[in-house]
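Notes to accompany the following structure.
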Amino acid sequence: MTEPSAAAAGSPGEKATTDDGFIVFDQISKRFGKNVVLDDLSFSVGSGERVTLIGPSGSGKTTILRMLMTLTKPDSGTIRVGEDYLYHEERNGELVKAGEQHVRKVRGRITMVFQQYNLFPNMRVLRNVTEAPVHVLGRSQDEAEERAKELLDMVGLGDKLRAYPSQLSGGQQQRVAIARALAMDPDILLLDEVTSALDPELAAEVLDVLRDIAKSSDITMLCVTHAMKFARDVSHRVLMFDQGKIIEAAPPAEIFDDPKQERTRTFLESVLDET
Amino acid sequence: MSAGLWNYMFEGLLVTLQLTIFGAILGLVFAFAAGLARLSGNKLLRGMGFAYTEAFRGLSALVVLFWLIFVLPTVFGVQLAPLFAGVLALSLNIGAYGAEVVRGAVRAVPQGQIEAAIALNFTPWQRMRKVILPQAVVAMIPSFSNNLIELLKATALVSVVFLSDLTFGAQLVRASTGNTAGTFGLLLVAYGLIALVFTTLMRLLERRAAASLGRTVPPGMIARIFRRTEASA
Amino acid sequence: MNWDWQIFWDSFPRLLDGLVIALQATVVGYLIALVLGLVFALLRRSRLVWVSAPVGLVVEFIRSTPLLVQLFFLFYVLPQFDVHLSTLMTGAIGLGVHYATYISEVYRAGIEGVPQGQWEAAKALNLPARRTWTSVILPQAIPRSAPALGNYVIAMFKDTPQLIVITLPEMLTTAQGIGSETFRYPEPITVAGILYLATALVMSWIARIFERRFGTVRAA
């Protein structure tokens, strides 16, 4: 386990310097109609690094996560995960559009937790967590169930295995969604405003679970959130987005206590006013 | 009414039920084939699905039936067994309506469900089979229930051509008893009762399916009779 | 292939006459359905259970039994009560009553779609019930129902071949007539099929334009 940046998270002010280029966005642009969402954006994330993306809505943060999850295609540019390009594959030394096979191979390292949980309403909790490990990873039913029970215990829902999602609170559903994502043994976990649809109290129980996971694993995490305290606690680095560009990138202590950009300062003030 | 006449009615009832049930099964096949074809990425499939739904929603099953019986044998030398011709005409027709139900229900599955299935790296086929269809099918049942009643009503059409179904049986009874109002009144009640049985069965199915998604079920036929005002949400 | 183009082409004029009769039955039937449908919808909202429940029963009954048998019923039974109507009127009434049961559901949805606040505003202005309906609720509910109402014109036209059983000389009846005169059925029936389909497609095309232009008017 290589966790060179763990120290950085614990000690504010110290920089997470171990960017080994695990995830690399290179000159990514995306527009929806006339609206430019991402403008020639390049950045990288190290393996095991936990990065929080902040910024006003529409600044492109969520688009970054959705691109990594192959839910939104970039107009131009490349994304690399480990050795492989996500949307391209190399053939005879040339980059060509990737086929479904290649995309699925790379995507297998990544998974996502959504704002609206998106549990499958037609499956009970346990099956929500075991379905993909069995049918995508090819695990045996027993193995998948054992692991699912562990994970559901960890998120505090070991007694809800037989429940349908509709019988759970939002916070409980989101914790199942987290267990479901972890059951895929991802290298990269994407968290897209996972507490935005929840009341503060329910949000807290979800964030506690995520804190534990962050502490006890070396999963690379990209997180879009408005929960600033959480961002400060778990991330190695915070990226401030505005109008499709990263305008400031720094360890949380630095960006929250002493932002260099005026835009970052006003954004943080407005967020703190809200809460 | 003599026993012989009752026999006609009873045999007619059997034909009506056969037409409805086989028509529904074959109709489902057409509905899923055409509905999914219309959602396909393949242009040719989409076009075929579109042509089928547009054509058969624009034609009465009766016209299709006439065509199968009067045109197919003479022009193409294909003679269909009467029951099969009836089932085929009815199912082609109801399948076109069903295809729109299938298409609508599949498209109504929330985008987030598909995204979650992608995030779990399911193959496109797994997404369809494990995530989209199980939810879409639940949404289809209420409309299918209406389609089934339409199909039941349409079975009366085959009596125009040749099959001795319930309506045909009643014609015989009327001719021999001379009691026109009574016979047709009774016939209508018979169809109404069969419809009630079908709706009730579909309602049970719907309840079962909806419960699995934690949804509630809108009022059934009996409840609809007594329904006046529903508070708007 | 056993096909006679001469009969095919010769069938058109008489079948077009049949088409006109089918359209007449559709139009008259539709007008009946529009009015009777509204009556059904309003009666089913009655606060008196002995009004709303029997009307509900009748509506559900008519809707779940075959139009064909209802046509027989009208055709043979009305004369027994000394009601003598032309076959066109009998057919139009049959279609109209049958489809009124569908159309009443469209009105119902339209009425339920009028925001609760409109009822409350009418109450706050102390409008009498009749006035509330005629000047507040229905003027909003009916345009809301318009697109769905259009679809039933097509559905009704599609059912006109069933009028063959009451011998109305619409297209299918005419096609069968030509068949029995010439001993050639395939051609006239195919022509009839083409005309049905073409008319239905044109109607749905018009309905779509109508829906696009007026469908969302006042919906906001």
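Residue numbers (my numbering), protein chains in the order written: chain A, -2 to 272; chain B, 625 to 857; chain C, 17 to 236. The beta carbon of each residue, even a glycine, is placed where N, CA and C say it ideally should be. From a predicted model like this one, the values you see are computed outputs, not experimental measurements.
Local Cβ density within 10 Å of residue i, reported as buried at 16 or more and exposed below that
i                         : result
proline 162 of chain A    : buried
tryptophan 691 of chain B : buried
isoleucine 100 of chain C : One point to set straight first is that residue 100 of chain C is histidine, not isoleucine, in the sequence displayed. Answer is exposed; the Cβ neighbour count stays below 16.
glycine 110 of chain C    : buried
glycine 719 of chain B    : buried
serine 196 of chain C     : exposed
arginine 147 of chain C   : exposed
glutamine 278 of chain A  : Outside the displayed span of chain A (-2 to 272) sits residue 278 of chain A, for which this structure offers no information.
glycine 129 of chain C    : exposed
Nearest residue (CA-CA) to residue i, options the options
i                            : options                                : result
aspartate 23 of chain A      : A/Asn32, A/Val122, A/Leu83, A/Lys31    : A/Leu83
glutamate 143 of chain A     : A/Leu134, A/Asp156, A/Thr127           : A/Thr127
leucine 663 of chain B       : B/Ala723, B/Ala685, B/Leu686           : B/Ala723
serine 120 of chain C        : C/Pro95, C/Pro202, C/Leu52             : C/Leu52
leucine 188 of chain A       : A/Met218, A/Gly96, A/Gly105            : A/Met218
proline 131 of chain C       : C/Gln156, C/Ala140, C/Pro144           : C/Gln156
threonine 192 of chain A     : A/Leu204, A/Lys257, A/Lys70, A/Ile244  : A/Leu204
glutamine 703 of chain B     : B/Leu689, B/Met633, B/Ala655, B/Leu714 : B/Leu689
phenylalanine 88 of chain C  : B/Ala661, B/Ala805, B/Ala814           : B/Ala805
alanine 228 of chain A       : A/Gln240, A/Ile244, A/Gln171, A/Ala201 : A/Ala201
arginine 77 of chain A       : A/Arg121, A/Met181, A/Gly18, A/Leu123  : A/Gly18
glutamate 80 of chain A      : A/Met64, A/Lys70, A/Ser44, A/Ser56     : A/Ser44
threonine 263 of chain A     : A/Ser73, A/Gly30, A/Met237, A/Gly241   : A/Met237
arginine 61 of chain C       : C/Leu104, C/Tyr123, C/Thr106           : C/Tyr123
proline 118 of chain A       : B/Phe746, B/Ala740, B/Thr747, B/Trp749 : B/Ala740
phenylalanine 654 of chain B : B/Thr640, B/Asn666, B/Gly671, B/Leu712 : B/Leu712
methionine 105 of chain C    : C/Trp21, C/Tyr212, C/Thr183, C/Thr189  : C/Thr183
alanine 41 of chain C        : C/Ile78, C/Val169, C/Thr150            : C/Val169
arginine 234 of chain A      : A/Gln240, A/Ala224, A/Glu251, A/Ile244 : A/Glu251
DSSP bridge partner residues for residue i (one or two, in chain order)
i                         : result
glutamate 80 of chain A   : According to DSSP, which records beta bridges pairwise, glutamate 80 of chain A is partnered with nothing at all.
histidine 85 of chain A   : A/Lys94
alanine 247 of chain A    : A/Val235
lysine 242 of chain A     : A/Asp239
asparagine 32 of chain A  : A/Phe29
methionine 764 of chain B : Paired residues: none, contrary to the question.
valine 221 of chain A     : A/Leu50, A/Asp189
serine 41 of chain A      : A/Val21
serine 73 of chain A      : A/Ser26
methionine 109 of chain A : A/Leu187
Straight-line gap, residue i to residue j (C-alpha atoms, nearest Å)
i                            : j                           : result
threonine 779 of chain B     : threonine 81 of chain C     : 11 Å
leucine 62 of chain A        : aspartate 215 of chain A    : 19 Å
alanine 4 of chain A         : proline 248 of chain A      : For alanine 4 of chain A, the predicted model reports a pLDDT of 40, less than 50, meaning its position is unreliable; a value from the coordinates is still stated below. Those two C-alpha atoms are separated by around 12 Å.
leucine 54 of chain C        : alanine 705 of chain B      : 44 Å
arginine 160 of chain C      : alanine 125 of chain C      : 9 Å
alanine 794 of chain B       : phenylalanine 24 of chain C : 36 Å
leucine 217 of chain C       : leucine 165 of chain A      : 48 Å
proline 1 of chain A         : serine 39 of chain A        : A caution first: proline 1 of chain A carries a pLDDT of 42, below 50, which makes its placement in the model unreliable, though a value can still be read off. So the alpha carbons of these two residues sit roughly 23 Å apart.
isoleucine 210 of chain A    : aspartate 150 of chain A    : 13 Å
threonine 117 of chain C     : alanine 685 of chain B      : 21 Å
phenylalanine 792 of chain B : glutamate 635 of chain B    : 10 Å
isoleucine 107 of chain A    : aspartate 182 of chain A    : 9 Å
leucine 637 of chain B       : leucine 790 of chain B      : 5 Å
glycine 209 of chain C       : methionine 187 of chain C   : 9 Å
glutamine 112 of chain A     : leucine 154 of chain A      : 19 Å
glutamate 87 of chain A      : lysine 94 of chain A        : 9 Å
asparagine 717 of chain B    : valine 103 of chain A       : 46 Å
valine 75 of chain C         : valine 113 of chain C       : 9 Å
glutamine 178 of chain C     : tyrosine 676 of chain B     : 22 Å
glutamate 46 of chain A      : glutamate 245 of chain A    : 17 Å
Heavy atom of the ligand PLP within 8 Å of residue i beta-carbon
i                      : result
leucine 796 of chain B : With respect to the ligand PLP, the structure shown offers nothing to examine, as it has no ligands at all.
**OP:** Quick one: which residues of the segment 731 to 746 of chain B get their C-beta closer than 7 Å to a C-beta of chain A? List them in chain order.
**Re:** Listed by position along the chain: Gly736, Gln737, Glu739, Ala740, Ile742, Ala743, Leu744, Asn745, Phe746.
Subject >> Near-chain C residues of the segment 661 to 673 of chain B - C-beta to any C-beta below 8 Å >> reply: Those residues of the segment 661 to 673 of chain B placed with their C-beta closer than 8 Å to a C-beta in chain C do not exist.
Original post:
Name the residues in the segment 774 to 786 of chain B whose C-beta lies less than 7 Å from a C-beta of chain A; which are they?
Top reply: Of all residues in the segment 774 to 786 of chain B, none has a Cβ within less than 7 Å of some Cβ in chain A.
Original post:
When you check each C-beta in the segment 92 to 118 of chain A against every C-beta of chain B, which residues fall closer than 7 Å?
Top reply: Listed in sequence order: Arg101, Arg104, Gly105, Thr108, Met109, Phe111, Gln113, Asn115, Phe117, Pro118.
**OP:** Mind checking the segment 811 to 823 of chain B against chain C and listing, in chain order, the residues whose C-beta falls within less than 7 Å of any C-beta there?
**Re:** Taking 7 Å as the cut-off between beta carbons, the residues of the segment 811 to 823 of chain B near chain C are Leu811, Leu812, Tyr815, Gly816, Ala819, in sequence order.
Subject >> Members of the segment 754 to 767 of chain B near chain A, C-beta cut-off 7 Å >> reply: The residues in question are Lys754, Val755, Pro758, Gln759.
Subject >> Residues from the segment 12 to 34 of chain A in contact with chain B, defined by Cβ distance under 9 Å >> reply: Residues: none.
Original post:
Using a beta-carbon distance cut-off of less than 7 Å, what residues from the segment 784 to 807 of chain B approach chain C?
Top reply: For the segment 784 to 807 of chain B, which is checked against every Cβ of chain C, the residues closer than 7 Å are Val784, Thr791, Thr804, Ala805.
Subject >> Contact residues within the segment 125 to 137 of chain A, judged by C-beta distance below 8 Å to chain B >> reply: Considering only beta carbons, the part of the segment 125 to 137 of chain A lying closer than 8 Å to chain B consists of Glu128, Ala129, His132, Val133, in chain order.
Original post:
According to a CB-to-CB cut-off of less than 8 Å, which residues of the segment 152 to 164 of chain A neighbour chain B?
Top reply: Of all residues in the segment 152 to 164 of chain A, Tyr161, Pro162, Ser163, Gln164 have a Cβ within less than 8 Å of some Cβ in chain B.
Original post:
Which residues, in chain order, does the segment 162 to 178 of chain C contribute to contact with chain B at a C-beta distance below 7 Å?
Top reply: Look at the segment 162 to 178 of chain C: the residues with a C-beta under 7 Å from a C-beta of chain B are Lys174, Asp175, Pro177, Gln178.
Original post:
According to a CB-to-CB cut-off of less than 7 Å, which residues of the segment 53 to 81 of chain A neighbour chain B?
Top reply: Listed by position along the chain: Met66, Thr67, Leu68.
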